[in-house]
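Beneath this line is the structure, given in structure tokens, with notes to follow.
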Amino acid sequence: MAYIISNLLLILVIIAVCVSKYIFNKGQNKLTKKQIKGLNQILITTCSVLVLQFIPAETFQKLDNYIFEDFGKYLRFACYLAIYWFIGKDVLKKSLVGFKNKQFLDENFLMAIATIGAFALAVYENGDYLEAIAVMLFYMIGEWFEKFAVGKSRKNISELMDIRPDYANIEVDNQIKQVAPETVKIGDIIIINPGEKIPLDGIVVNGTSTLNTSAITGESAPLNVEPDSEVISGCINLNGVLKVRTTKVFAETTVSKILELVEEASANKSVSEKFISKFARYYTPIVVGLAAFMTFVVPILNYIFTKDANFASWLYRALNFLVISCPCAIVVSVPLSFFASIGGASKEGILIKGSNYIEVLSKVKTIVFDKTGTLTKGTFEVQGIHHNSHEKEVLLKYTAHAESASSHPISKSILNAYNKPIDRSIVHKIEEISGHGIVAQIEDKEVAVGNDKLMQSIGVTPLPCHHIGTIVHIAIDKKYAGHILINDSIKETSAQAISDLKNQGITETIMLSGDNQKIADDVGGKLGINKIFGNLLPTDKVAKFEEIIATNGANGKVAFVGDGINDAPVLTRADIGIAMGAMGSDAAIEAADVVLMDDNPEKLSQAIKIARKCLTIVYQNIIFALVVKFACLLLSVIGFANLYMAIFADVGVLILVVINAIRCIFVKK
Amino acid sequence: MKKYNIEVDCANCANLVEGKINELPEIASCTISFMTQKMNIEFAENVNEKDALDKILKVAKKVEPDFEILD
Chain A
21 MAYIISNLLL
31 ILVIIAVCVS
41 KYIFNKGQNK
51 LTKKQIKGLN
61 QILITTCSVL
71 VLQFIPAETF
81 QKLDNYIFED
91 FGKYLRFACY
101 LAIYWFIGKD
111 VLKKSLVGFK
121 NKQFLDENFL
131 MAIATIGAFA
141 LAVYENGDYL
151 EAIAVMLFYM
161 IGEWFEKFAV
171 GKSRKNISEL
181 MDIRPDYANI
191 EVDNQIKQVA
201 PETVKIGDII
211 IINPGEKIPL
221 DGIVVNGTST
231 LNTSAITGES
241 APLNVEPDSE
251 VISGCINLNG
261 VLKVRTTKVF
271 AETTVSKILE
281 LVEEASANKS
291 VSEKFISKFA
301 RYYTPIVVGL
311 AAFMTFVVPI
321 LNYIFTKDAN
331 FASWLYRALN
341 FLVISCPCAI
351 VVSVPLSFFA
361 SIGGASKEGI
371 LIKGSNYIEV
381 LSKVKTIVFD
391 KTGTLTKGTF
401 EVQGIHHNSH
411 EKEVLLKYTA
421 HAESASSHPI
431 SKSILNAYNK
441 PIDRSIVHKI
451 EEISGHGIVA
461 QIEDKEVAVG
471 NDKLMQSIGV
481 TPLPCHHIGT
491 IVHIAIDKKY
501 AGHILINDSI
511 KETSAQAISD
521 LKNQGITETI
531 MLSGDNQKIA
541 DDVGGKLGIN
551 KIFGNLLPTD
561 KVAKFEEIIA
571 TNGANGKVAF
581 VGDGINDAPV
591 LTRADIGIAM
601 GAMGSDAAIE
611 AADVVLMDDN
621 PEKLSQAIKI
631 ARKCLTIVYQ
641 NIIFALVVKF
651 ACLLLSVIGF
661 ANLYMAIFAD
671 VGVLILVVIN
681 AIRCIFVKK
Chain B
81 MKKYNIEVDC
91 ANCANLVEGK
101 INELPEIASC
111 TISFMTQKMN
121 IEFAENVNEK
131 DALDKILKVA
141 KKVEPDFEIL
151 D
């Protein structure tokens with residue numbers, strides 16, 4: 021029976037090798053020379069073993085008395101030994117080096133001992149040489165496959181992230197020249213033809229076109245650009261010719277930042293990875309120690325008690341142990357899963373800064389949102405000017421000048437509504453009071469622009485507004501001058517995003533906002549947010565967040581989602597900080613642990629999905645590998661396992677977990 | 081922090097090498113990523129980096145003969 025199975029297995033190997041040689045060696049991704057050499061080695065060994073298998077020991081016995089006594093027996097031994105050397109020479113050589121370097125527990129050394137032991141046993145019994153060769157053969161197949169799979173997925177993932185531009189076109193003496201993007205300086209004009217990748221971040225000076233941003237944002241909707249639009253490196257120019265003035269050197273561009281971030285990501289090791297490397301540190305020595313115990317101590321004990329040492333049987337069991345003792349299957353599968361997930365996520369425009377963050381992301385139970393720019397569009401529009409004591413135009417002029425130095429979205433909307441050039445000569449002094457507003461000296465007037473608190477602090481009673489929205493009160497020379505109503509609309513995808521998150525088992529959704537409670541309640545209520553806190557100054561946000569962590573922290577991890585503007589302290593304080601709409605915003609990319617390149621909140625639930633899938637696969641692999649290994653260890657102690665089983669526990673498990681780990685790359689929409 | 085491209089053949093060896101390098105007095109911290117084949121090294125203060133790298137390579141080669149620092 022075993023004879024038939026082992027021969028079938030060998031035939032299977034031959035078929036698999038031939039097929040993989042045919043399939044994987046086509047097209048652009050040819051196998052390397054080293055890989056082909058390995059395949060040939062495996063193929064030749066398997067074929068010759070198979071041939072030898074069909075010549076039974078009796079045939080050799082007939083030769084026994086030809087030249088000298090037992091000639092046939094030695095000839096058979098020599099044949100197998102030659103094959104063994106052919107397949108195992110690399111491992112044997114390496115183990116010798118390891119031996120010299122006093123690295124006794126490296127896997128080559130273990131394999132060498134196990135196979136030499138099996139060979140010795142076979143000589144002793146003049147029996148089954150196949151076992152030693154098969155162990156070595158399957159070990160080599162496993163090694164080959166591991167390197168192939170890891171190399172292939174590394175390549176695939178790098179291709180996913182293939183956003184690095186190869187060249188930039190610049191104009192020199194009316195001629196277009198291709199240069200390396202690293203050599204382009206800030207302020208140079210670069211030309212981007214249709215179909216080319218944008219090499220550096222910049223501003224369009226000439227031309228209109230449509231851009232494909234999917235490599236950066238994962239979003240397939242095209243983006244229209246015209247003169248004065250900002251363009252981001254890594255996007256592909258679809259139709260028109262663009263002239264772009266660069267705003268960053270290559271090392272500072274979005275593409276370089278993203279690539280650096282993803283490459284660095286695997287240096288932030290997760291708890292599971294640390295657990296596995298710790299586990300591996302103890303596992304191998306323990307199993308090898310047990311093997312030594314079984315070889316030397318058990319036979320002695322046997323001899324003392326039963327007068328039958330049974331040495332060969334226990335040696336065989338110990339060899340099984342050595343084969344199973346390599347922890348490589350688990351050690352490789354865990355980082356591979358995380359790496360594949362990071363790669364798959366980055367294709368969707370979700371940048372995860374490390375394996376540890378995938379782990380945290382999968383355990384998130386509470387999500388805290390910033391309102392503006394996260395759940396709402398963050399593009400404010402002036403809806404009306406009420407209770408004004410001056411002409412609307414005049415009021416708008418004063419307000420716009422007071423807000424002219426601020427980058428806050430509210431200020432921008434006022435500047436947009438004013439829509440005239442700012443005359444800086446009339447602005448004498450601007451003082452920004454965080455969370456309150458601005459007091460400025462404009463012409464000969466003191467203009468205070470801000471919320472209720474600011475008005476009260478300068479002793480002015482503001483008039484309330486009946487509409488829901490952000491109210492900017494204005495006082496001129498400490499007299500109330502009216503207010504401007506500004507509104508921000510909710511993103512179309514926000515409601516769906518929140519309900520998706522709830523379906524995923526996020527138990528609590530919380531919204532923090534600097535706006536008044538009425539606006540916050542209005543937005544939060546429409547979206548189905550559990551808890552809504554308004555009226556928060558930037559510093560209040562951190563305090564409020566601390567409070568949330570204190571109450572919800574025991575329940576699972578707490579994530580904060582913001583747009584990276586004004587909320588960097590909260591992003592850093594959170595178990596996991598997620599910045600969204602970060603295309604081009606360095607501050608957000610730096611402060612957050614997870615970066616969503618576009619501003620679609622639905623990407624959040626996708627990110628959580630990716631993280632959970634990754635962790636599921638990691639646990640599946642760890643548990644599966646451990647169960648199989650321990651089961652085989654147990655079976656070998658009681659004498660039920662043979663070396664084939666042991667090699668399955670090592671190589672078979674390795675192949676299965678690697679295949680399982682690669683599933684992490686695939687991300688469902 | 082300095083980054084190096086490396087060649088390391090097996091995941092377990094990468095972990096072992098990382099452990100050994102971290103034991104060196106010249107090194108403040110070292111992480112090796114098997115997946116990206118990269119090594120990040122923070123040298124201790126007042127250390128000649130070239131000598132330290134030679135030492136790293138020597139230590140690493142003992143654990144994994146195929147270990148290489150590529151640049």
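Heads up: the protein sequence lines correspond to chains A and B, in order. Quick note on numbering: my numbering labels position 661 of the first sequence as 681, and the sequence is numbered without any gaps. Quick note on numbering: my numbering labels position 36 of the second sequence as 116, and the sequence is numbered without any gaps. Think of the CB as a built atom: it goes at the ideal place given N, C-alpha and C, for glycine as much as any other residue. None of the values given here were measured: they were computed from a predicted structure.
- C346, P347, C348: these are the residues of the stretch 321 to 349 of chain A whose beta carbon lies less than 8 Å from some beta carbon of chain B, given in chain order.
- Excluding five sequence positions before and after K522 of chain A, the CB atoms of its chain that fall closer than 8 Å to its own CB belong to T529, G548, given in chain order.
- In the three-state DSSP reduction, C110 of chain B falls in the strand class (E or B).
- Within chain B, not a single residue places a beta-carbon under 8 Å from that of A501 of chain A; the smallest gap is close to 55 Å.
- Annotated as proximal: A627 of chain A and V614 of chain A, with beta-carbon spacing under 8 Å.
- For R174 of chain A, the nearest beta carbon of chain B is closer than 8 Å to its own beta carbon.
- Using beta-carbon distances, P355 of chain A counts as an interface residue toward chain B, with a partner under 8 Å.
- Residue environment analysis places W164 of chain A among the buried positions, since at least 16 neighbouring C-beta atoms fall within 10 angstroms of its C-beta.
- In the displayed model, H487 of chain A falls within coil according to three-state DSSP, outside both helix and strand.
- For the 8 Å CB-CB criterion, I223 of chain A and V261 of chain A do not form a contact.
- Within chain A, the C-beta atoms nearer than 7 Å to that of A91 of chain B come from C348, V351, V352, P355, in chain order.
- By the rule that beta-carbons nearer than 8 Å mark a contact, K142 of chain B touches chain A.
- Contacts with chain B at 8 Å (Cβ-Cβ) include F359 of chain A.
- Close to N95 of chain B, with beta-carbon spacing below 7 Å, are these residues of chain A in chain order: S297, A300, V351.
- Counting other Cβ atoms within 10 Å of its Cβ, I25 of chain A stays below 16 and is therefore classed as exposed.
- When secondary structure is reduced to three states using DSSP, R265 of chain A falls in the strand class.
- Within 10 angstroms of the beta-carbon of C255 of chain A lie 16 or more other beta-carbons, which makes it buried.
- Non-local C-beta neighbours of I506 of chain A in its own chain, meaning closer than 8 Å and more than five positions away in sequence, comprise F400, E401, V402, Q403, I430, S433, I434, G489, T490, I491, V492, ordered along the chain.
- For a Cβ distance threshold of 8 Å, residue set P145 of chain B lies close to V117 of chain A, ordered along the chain.
- Flagged as an interface residue toward chain A: K118 of chain B, by a C-beta distance shorter than 8 Å.
- Taking a Cβ-Cβ threshold of 9 Å, the residues of chain B close to E283 of chain A are K83, S113, T116, K118, in chain order.
- With a contact defined as Cβ atoms closer than 8 Å, V677 of chain A and A349 of chain A qualify at about 5 Å.
- Short of 6 Å from the beta carbon of G137 of chain A, and not among the five residues preceding or following it, lie these beta carbons of its own chain, in chain order: L339.
- DSSP, reduced to helix, strand and coil, places Y500 of chain A within a strand of the structure shown.
- Within the DSSP secondary-structure output, D508 of chain A pairs in a beta bridge with A:F400.
- Distances from the alpha-carbon of L157 of chain A to those of A:H406, A:A669, A:V69 put A:V69 closest.
- A direct Cα-Cα distance of roughly 13 Å separates T237 of chain A from P621 of chain A.
- Within the model, the alpha-carbon separation for S249 of chain A versus V480 of chain A is close to 42 Å.
- For G502 of chain A, the closest alpha carbon among the candidates A:V414, A:I362, A:Y94, A:L28 is that of A:V414.
- Below the 7 Å Cβ cutoff, chain B contributes no neighbours of N662 of chain A, its closest Cβ being approximately 25 Å away.
- Using a CB distance cut-off of 8 Å, K649 of chain A does not count as an interface residue toward chain B.
- Close partners of K114 of chain A in chain B (Cβ separation under 8 Å): P145.
- Scanning the stretch 190 to 271 of chain A for uninterrupted beta strand (DSSP E) segments of 3 residues or longer gives 195 to 199, 209 to 212, 222 to 226, 229 to 232, 243 to 245, 262 to 266, listed from N- to C-terminal end.
- Think of a sphere of 9 Å around the beta carbon of N121 of chain A: the chain B residues whose beta carbon falls inside it are K141, K142, V143, P145, in chain order.
- Listed as beta-bridge partners of F580 of chain A by DSSP are A:V388, A:G597.
- Secondary structure at L521 of chain A: helix, using DSSP grouped into helix, strand and coil.
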